[in-house]
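Protein chains in written order, with the working numbering: chain A, 13 to 332; chain B, 219 to 648. Each residue gets a CB set at the ideal place from its N, CA and C atoms; glycine is no exception. Notes to accompany the following structure.
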């Protein structure tokens, strides 16, 4: 088996062949869904708990749907409302849930590294659904699948990532994944929203959007993370839109067949022009959502296989 | 009182910059004679007062500036009893305590309470520092005169930076008139707000909020201007970045009364040790890049940075077992200060006398103490240690009530074989 990980905590620890294995399986699930075959039973008998310590609609819905389509028993918990307010620590919450013997734990948390910490305390497969500004691996995988299906390959592409990179876990996971698959990555942001030392990751850094977009195969827009900003990263939204918002004129610098992506939710008129987002010839934003379910199905399927293998090996007393 | 003989020792003399075989005679808590050879008539010392050092190193005990003993307020993290035992086990004979307790040590009454508790419970010497501003809030200066009379050896707000320069300049001017030593924490409060690590490639990789290393130089530059303005005696608690060093060197060359320290953690660890969000490596200021670490080690070896301290900061498990950003900062260090410092010796970066200048002599001098010297007349505060003996640190064996050490499981060299305060052995109680 070429997918060996026990958890999906980030893209950083994955090997390129693991990424390819996962994308191949997701591709299959996406095709099946398009043919109307949406229900499977590979997770039958397993329990999936979604713990979201941070607001989310689309990611949580996507994970929930993915679990249900694979036959798991799915439970979603809005953690903000419950134990945190009562003063329980993350580790205690994890231990409590672990005692209920879940098989798959999907976790989103506002602090970087929190999902790593939690994964050390439980004995089930943990999927990172976004931790702080660190990683959001399933988003990067669904972006990769979308690109692969639109462009026919996932290497030697010129990919521009534009927007609030400093606060974005989506950007970090994408930089990791697209770098591992040997693409050319161009980061475009105002210098205040560009993480320090990011050029050392093998990216080209631009603060001029037109120069950054020149010749790009893929234009990946990021949301301006207003909730993560405490004060003064940009002068105003209208100036940001003027200089870094994606409109037809700026998109003209990319390749004529360049696709436009956005992880959602979009701020129309802040980072992207509404007509670009709705242009069915350029925008693959709806495809991203569709691939999201397929990628999450594939990730949980593979992790469940490894989990079953590990449990079987443990029962027999052999090393995996 | 009977005289005590320490013989068959390698005497480390930080003042004379030498390591020589020799012997010591201690009487009434003080060193009375330093000898090149053991005296011929050793029999006149009763066996209990004749200590064979077995050829190991005997050095002036460590004076550790900036130890947090969590009394009053959080005695479950560290008490004077546990801190004293930890210090004795680590060869630290004087702990200079921080005022960042709950409540802060900002009135003579609280200071007296602390002094009384220390007197009753600590087996090593305790010298308290007091807050520079009331409640460490940076708005009004404390009763610096009364606090000094009550025994405060220095004034500091710990890691709270007084951001109002008018308040600070008045406090410094007032402290100057009393000849009091002020210790500053050099981190620009605006830039460092909310930061968990040093900004850079590693912070970006882990998605953690970072502070530019420039925040240290900015705050140091500001404080140097205020030193020039007020003429105060000043010590920067921790200089941890290469960029701050030229400013420090200039201030010293200009004749300002300024010294600087650094924690042992910043000399022996770097930002990559945080690895997968290990919160025991979360410190204030955060660990720096390897380039900074090397530059700061060199600055200590050159004498530009005067003092090495432990920045002993006890934290309980609950405040550390949290996501990295939410976890409390700080590490315990009393027991690991000497073996960790010896890493610099074993790496060939510092000599033993040089190390003890930074650990014992310079902090004593800065505080106007007679200790830190291997000479007749100095207090018999001594540490006997084997600089080469290897061990693997197991944090469960630490005497501190809190065991948040970044060196858990680390291979170290240098074991303390005995600690004496005023000629009385203290490490055996521990």
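Open item on the list: Less than 9 Å between the beta carbons of residue 306(B) and residue 531(B), yes or no?
Closed with: The residue you call residue 306(B) lines up with position 88 of the second chain. The residue you call residue 531(B) lines up with position 313 of the second chain. No, the pair does not count as a contact, with Cβ atoms beyond the cut-off.
TODO: Under 8 Å between beta-carbons, which chain D residues line up against residue 139(A)? List them in chain order, please.
DONE: Looking for chain D here will not work: the only protein chains present are A and B.
Open item on the list: Using a 10 Å radius around the Cβ and a threshold of 16 neighbouring Cβ atoms, would you call residue 132(A) buried or exposed?
Closed with: The residue you call residue 132(A) lines up with position 120 of the first chain. Under this definition residue 132(A) is an exposed residue.
Open item on the list: For residue 61(A) and residue 324(B), what's the separation of their Cα atoms in angstroms?
Closed with: For this step, residue 61(A) is matched to residue 49 along the first chain. For this step, residue 324(B) is matched to residue 106 along the second chain. Roughly 50 Å between the two C-alpha positions.
Task: Own chain, CB closer than 7 Å to residue 191(A), minus 5 neighbours either side, in chain order - done: Taking the first chain and counting its residues from 1, the one referred to as residue 191(A) is at position 179. Cβ neighbours of residue 191(A) beyond the five flanking positions: 197, 213 and 214.
TODO: With a threshold of 16 other CB atoms inside 10 Å of the CB of residue 624(B), please say whether the residue is buried or exposed.
DONE: Counting from 1 along the second chain, the entry for residue 624(B) is found at position 406. If you draw a 10 Å sphere on the C-beta of residue 624(B), you find 16 or more other C-beta atoms in it, and that means buried.
Task: residue 245(A) versus residue 322(A) - alpha carbon distance - done: Residue numbering aside, residue 245(A) sits at position 233 when the first chain is read from its first letter. Residue numbering aside, residue 322(A) sits at position 310 when the first chain is read from its first letter. Whole-angstrom Cα-Cα distance: 47 Å.
Task: Helix, strand or coil at residue 457(B) according to DSSP, with G and I counted as helix - done: Looking up residue 457(B) in the second chain gives position 239. Coil, per DSSP.
Open item on the list: Cutting at 6 Å between CB atoms, please list the residues of its own chain near residue 269(B), excluding the five before and the five after it.
Closed with: One-based indexing of the second chain puts residue 269(B) at position 51. Closer than 6 Å at Cβ, skipping near neighbours: 224.
Open item on the list: For chain A, check one thing: does any of its Cβ atoms lie closer than 9 Å to the Cβ of residue 544(B)?
Closed with: Locating residue 544(B) in the second chain gives position 326, where the first residue counts as 1. Yes, residue 544(B) counts as interfacial toward chain A.
Open item on the list: Short of 8 Å Cβ to Cβ, which residues in the segment 110 to 136 of chain A face chain B?
Closed with: 121, 123, 124, 125, 126, 128 and 129
TODO: Find out if the Cβ-Cβ distance for the pair residue 581(B), residue 527(B) is shorter than 9 Å.
DONE: Here residue 581(B) corresponds to residue number 363 of the second chain, with the count starting at 1. Here residue 527(B) corresponds to residue number 309 of the second chain, with the count starting at 1. Yes, Cβ-Cβ distance for residue 581(B) and residue 527(B) is below 9 Å.
Open item on the list: Using a Cβ-Cβ cutoff of less than 6 Å, which residues in the same chain neighbour residue 299(B) once the five nearest sequence positions on both sides are dropped?
Closed with: Position 81 of the second chain, counted from the start, is the residue given in the question as residue 299(B). Closer than 6 Å at Cβ, skipping near neighbours: 339.
- [ ] Please classify residue 623(B): does DSSP put it in a helix, a strand, or coil?
- [x] Counting from one through the second chain, the residue named residue 623(B) turns up at place 405. DSSP places residue 623(B) in coil when its eight states are reduced to three.
Task: Near-chain B residues of the segment 187 to 209 of chain A - C-beta to any C-beta below 8 Å - done: 207, 208 and 209
Open item on the list: Beta-carbon within less than 8 Å of residue 333(B)'s beta-carbon, same chain only, minus the 5 sequence neighbours each way: which residues are those?
Closed with: One-based indexing of the second chain puts residue 333(B) at position 115. So the list reads 344, 346, 368 and 369, once near-sequence residues are dropped.
Task: Closest by C-alpha distance to residue 156(A), when choosing among 15(A), 89(A), 326(A) and 183(A) - done: Along the first chain, read from residue 1 onward, the residue named residue 156(A) stands at position 144. In this structure, 183(A) is the residue among 15(A), 89(A), 326(A) and 183(A) with its C-alpha nearest to the C-alpha of residue 156(A).
- [ ] Under 8 Å between beta-carbons, which chain B residues line up against residue 212(A)? List them in chain order, please.
- [x] Here the question's residue 212(A) lines up with position 200 in the first chain. Under the 8 Å cutoff, chain B gives 419.
Task: Reduced DSSP secondary structure (H/G/I, E/B, other) of residue 223(B) - done: Your numbering for residue 223(B) matches position 5 in the second chain. If DSSP states are grouped into helix, strand and coil, residue 223(B) belongs with the strands.
Task: Three or more C-beta pairs below 8 Å linking the segment 228 to 242 of chain B and the segment 72 to 89 of chain A - done: no
TODO: Compute the Euclidean distance between the alpha carbons of residue 642(B) and residue 574(B), then round it to the nearest angstrom.
DONE: Taking the second chain and counting its residues from 1, one reaches residue 642(B) at position 424. Taking the second chain and counting its residues from 1, one reaches residue 574(B) at position 356. Distance between the alpha carbons of residue 642(B) and residue 574(B): 21 Å.
TODO: Would you mind sorting residue 312(B) into buried or exposed? The rule is 16 or more other CB atoms within 10 Å of its CB.
DONE: As a first step, residue 312(B) must be located in the second chain, where it is residue number 94. Flag for residue 312(B) reads buried.
- [ ] Could you tell me which uninterrupted alpha helix (DSSP H) segments, each at least 4 residues in length, are contained entirely in the segment 466 to 525 of chain B, listed from first to last along the chain?
- [x] 482 to 486 and 508 to 520
Task: Local conformation of residue 606(B) per DSSP, three classes - done: If you number the second chain from 1, residue 606(B) lands on position 388. Residue 606(B) falls in the strand class under three-state DSSP.
- [ ] Work out the CA separation of residue 276(B) and residue 577(B) for me, nearest whole Å.
- [x] On the second chain, residue 577(B) is found 359 positions in, with the first residue counted as 1. On the second chain, residue 276(B) is found 58 positions in, with the first residue counted as 1. Distance between the alpha carbons of residue 577(B) and residue 276(B) is about 14 Å.
Open item on the list: Let's test the definition: count the other Cβ atoms within 10 Å of the Cβ of residue 190(B) and tell me whether it reaches 16, buried, or not, exposed.
Closed with: Chain B is shown from 219 up to 648; residue 190(B) falls before or after that span and cannot be answered.
Open item on the list: If you follow the alpha helix (DSSP H) that residue 127(A) is in, where does it begin and where does it stop?
Closed with: Locating residue 127(A) in the first chain gives position 115, where the first residue counts as 1. Per DSSP, residue 127(A) belongs to the alpha helix (DSSP H) from 126 to 131.
Open item on the list: Distance cutoff 9 Å, beta carbons only. Does residue 539(B) sit that close to anything in chain A?
Closed with: Position 321 of the second chain holds residue 539(B). It does: the Cβ of residue 539(B) has a partner Cβ on chain A nearer than 9 Å.
Task: One or two residues paired with residue 527(B) in a DSSP bridge - done: Taking the first residue of the second chain as 1, we reach residue 527(B) at position 309. BP columns for residue 527(B) point to 481(B).
Open item on the list: Rounding to the nearest angstrom, what Cα-Cα distance links residue 648(B) and residue 436(B) in this structure?
Closed with: Numbered from 1 along the second chain, position 430 holds the residue referred to as residue 648(B). Numbered from 1 along the second chain, position 218 holds the residue referred to as residue 436(B). Bear in mind that a pLDDT of 49 at residue 648(B), under 50, signals an unreliable position, so the number given afterwards is only what the model happens to contain. When rounded, the distance between both Cα atoms is 43 Å.
- [ ] Would you mind telling me which residues of chain B sit closer than 9 Å to residue 20(A), beta carbon to beta carbon, in chain order?
- [x] Taking the first chain and counting its residues from 1, the one referred to as residue 20(A) is at position 8. Residues of chain B passing the Cβ test: none, with the nearest at roughly 15 Å.
Open item on the list: If distances are taken between C-alpha atoms only, which option among 237(A), 90(A), 225(A) and 280(A) comes closest to residue 262(A)?
Closed with: For this step, residue 262(A) is matched to residue 250 along the first chain. That would be 225(A), whose Cα lies nearest to the Cα of residue 262(A).
Task: DSSP-derived helix/strand/coil call for residue 452(B) - done: On the second chain, position 234 is the one that residue 452(B) refers to. DSSP places residue 452(B) in strand when its eight states are reduced to three.
Open item on the list: Please give me, in chain order, every unbroken run of the beta strand (DSSP E) with length at least 3 that falls completely inside the segment 234 to 282 of chain A.
Closed with: List check, beta strand (DSSP E) in window: 271 to 273.
- [ ] Taking 9 Å as the cut-off, decide whether the C-beta atoms of residue 76(A) and residue 120(A) are in contact.
- [x] As a working mapping, residue 76(A) is identified with position 64 in the first chain. As a working mapping, residue 120(A) is identified with position 108 in the first chain. Result no, Cβ atoms of residue 76(A) and residue 120(A) do not sit closer than 9 Å.
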